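Encoded as structure tokens, the structure appears first; notes follow it.
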Amino acid sequence: MTLQEVLVNSHAALASRTPTPWHEAERLVGLSLGLSREVLIRVPLQKFIPVRARARLQGFLAQRSQGIPLAYLTGESYFYGRSFAVTPHVLIPRPETEVLVDCALECMGTLPYKGHGPITVVDIGTGSGCVAISFFKELARFTPAPKVKLYATDISKQALAIAMRNAKAHRLVRAITFLHGDLVKPLTHKPHLIMANLPYLTQQQMSENPCLRYEPQGALVAGSDGFEVYRNLLQSLYTLGWQQGIHLLLEIDPAQRQLCQQEVQYVFPHAHVDFVPDLHGLTRVARIAL
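Per the numbering used here: the sequence shown = residues 1323 to 1612.
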């Protein structure tokens, strides 16, 4: 069987499963051959595909037809124009989350920081590390580049292992301090800026989206209203006495806009809250100044 025949058959198998069957067919055929897409597209279409590679491909197609995300099969996903390793221990990065990085970069130019040391930034619930890594990489565009001490925390040791692997791949092992623990518990002093893409779905939303069933539920679901983890974060900041001088950027569900405003101002009555839409025009990030 030739490469052309294999691609056509793979496309047919995927056509009812995904809106991008040609793209996924190329990725899975390449994966079965041990080739990147960039290399695969240079292979002659009439090249014979070995039986072992075709057998591997059938396994990948079967897994994909069961709903296993392409990113978990390839072990790779893209975010902010960069490649990141992913496994079922971490969420697959979404384009909507790139707005969180945009807001953090914008915030760097407006922070009312008057100290002489570095600005302390923390990415809470870092997962694959894509937000923290992208943020630090993009700081290089600033002239002059601000001095930043960047922390990334996660309650999952498996997720932290993936984040550190990605930091190594992007040559940022020394630039980011990874800490294991829940929310702000691993921190020893108050940060200037907090970025967080924490769980914000309800169990009902999870059950209504079967495509999410292979991703870590603990990184998606947050109580009956989807705001439980963020509520815990706000309460933790209050308990620590970190009630002024912090900016928070929280990725939320578009339907949580009013709930978020209420919860923030219940704990911090004088906080300033506004919201930033994603590329689809939906509320995605809550910007909070304490």
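Virtual Cβ for every residue (Gly too), placed ideally from N, Cα, C.
All values reported here derive from a predicted model rather than from experimental measurement.
Mapping DSSP to helix, strand and coil, what is residue i?
{"i": "R1493", "result": "coil"}
{"i": "H1511", "result": "coil"}
{"i": "S1358", "result": "coil"}
{"i": "K1459", "result": "helix"}
{"i": "I1484", "result": "helix"}
{"i": "E1537", "result": "coil"}
{"i": "M1323", "result": "coil"}
{"i": "V1543", "result": "strand"}
{"i": "L1572", "result": "strand"}
{"i": "A1467", "result": "coil"}
{"i": "L1350", "result": "helix"}
{"i": "A1298", "result": "For the chain, the structure presents residues 1323 to 1612; residue 1298 sits outside this window and is missing."}
So which of the options has the shortest CA-CA distance to residue i?
{"i": "P1466", "options": "M1430, C1452, M1528, V1444", "result": "M1430"}
{"i": "R1359", "options": "Y1552, I1371, W1344", "result": "W1344"}
{"i": "H1333", "options": "V1444, Q1368, V1470, F1382", "result": "F1382"}
{"i": "G1603", "options": "D1575, I1390, P1591", "result": "D1575"}
{"i": "A1337", "options": "V1373, S1387, S1354, Q1587", "result": "S1387"}
{"i": "A1611", "options": "V1589, K1469, G1447", "result": "V1589"}
{"i": "L1523", "options": "L1509, A1541, C1533", "result": "A1541"}
{"i": "E1460", "options": "A1577, V1423, Y1473, R1376", "result": "V1423"}
{"i": "L1559", "options": "V1506, C1533, L1520, P1521", "result": "V1506"}
{"i": "I1446", "options": "L1556, L1601, R1376, Q1525", "result": "L1556"}
{"i": "V1373", "options": "S1405, L1367, T1324, E1398", "result": "T1324"}
{"i": "V1607", "options": "D1504, L1581, C1425", "result": "C1425"}
{"i": "P1366", "options": "D1600, V1328, L1581, K1490", "result": "V1328"}
{"i": "P1599", "options": "Q1368, V1361, V1421", "result": "V1421"}
{"i": "G1563", "options": "A1384, N1519, T1510", "result": "T1510"}
{"i": "C1582", "options": "T1561, R1463, N1554", "result": "N1554"}
{"i": "D1547", "options": "P1532, R1579, P1538, V1361", "result": "R1579"}
{"i": "T1342", "options": "I1371, P1391, R1364", "result": "P1391"}
For the alpha helix (DSSP H) containing residue i, list its first residue and its last residue.
{"i": "D1424", "result": "1420 to 1430"}
{"i": "R1609", "result": "Note, R1609: premise wrong, no alpha helix (DSSP H); beta strand (DSSP E) at 1605 to 1611."}
{"i": "Y1552", "result": "1550 to 1561"}
{"i": "V1586", "result": "1579 to 1589"}
{"i": "L1383", "result": "1373 to 1387"}
{"i": "Q1527", "result": "1525 to 1530"}
State the CB to CB distance for the pair residue i and residue j, rounded to an integer number of angstroms; the pair is presumed to be in contact (CB under 8 Å).
{"i": "T1396", "j": "I1484", "result": "The pair is not a contact, with the Cβ atoms about 14 Å apart (cut-off 8 Å)."}
{"i": "L1413", "j": "G1449", "result": "5 Å"}
{"i": "A1481", "j": "H1411", "result": "5 Å"}
{"i": "A1407", "j": "R1487", "result": "6 Å"}
{"i": "S1456", "j": "F1500", "result": "Not a contact, Cβ separation roughly 16 Å."}
{"i": "V1470", "j": "P1440", "result": "6 Å"}
{"i": "V1551", "j": "M1528", "result": "Incorrect: roughly 14 Å between the Cβ atoms, too far for contact."}
I need the boundaries of the beta strand (DSSP E) containing residue i, first residue and last residue.
{"i": "H1502", "result": "1498 to 1502"}
{"i": "P1599", "result": "1594 to 1599"}
{"i": "R1400", "result": "Looking at the sequence shown, residue 1400 is not Arg but Tyr. Looking at the DSSP string, the run of the beta strand (DSSP E) that includes Y1400 is 1398 to 1401."}
{"i": "T1442", "result": "1441 to 1446"}
{"i": "S1405", "result": "1404 to 1407"}
{"i": "A1474", "result": "1470 to 1476"}
{"i": "L1505", "result": "Unbroken run through L1505: none, as it is neither H nor E."}
Legend entry - Segment contact flag, the stretch 1341 to 1360 with the stretch 1494 to 1505, C-beta cutoff 8 Å, min 3 pairs: Because the criterion of three Cβ pairs below 8 Å is not met, the stretch 1341 to 1360 and the stretch 1494 to 1505 do not touch.
Inset, instruction - Count the CB pairs spanning the stretch 1370 to 1381 and the stretch 1414 to 1421 that are closer than 8 Å, and state whether there are at least three. - result: no
Inset, instruction - Flag this pair as touching only if the stretch 1508 to 1522 and the stretch 1561 to 1570 have three or more C-beta atom pairs under 8 Å; answer yes or no. - result: yes
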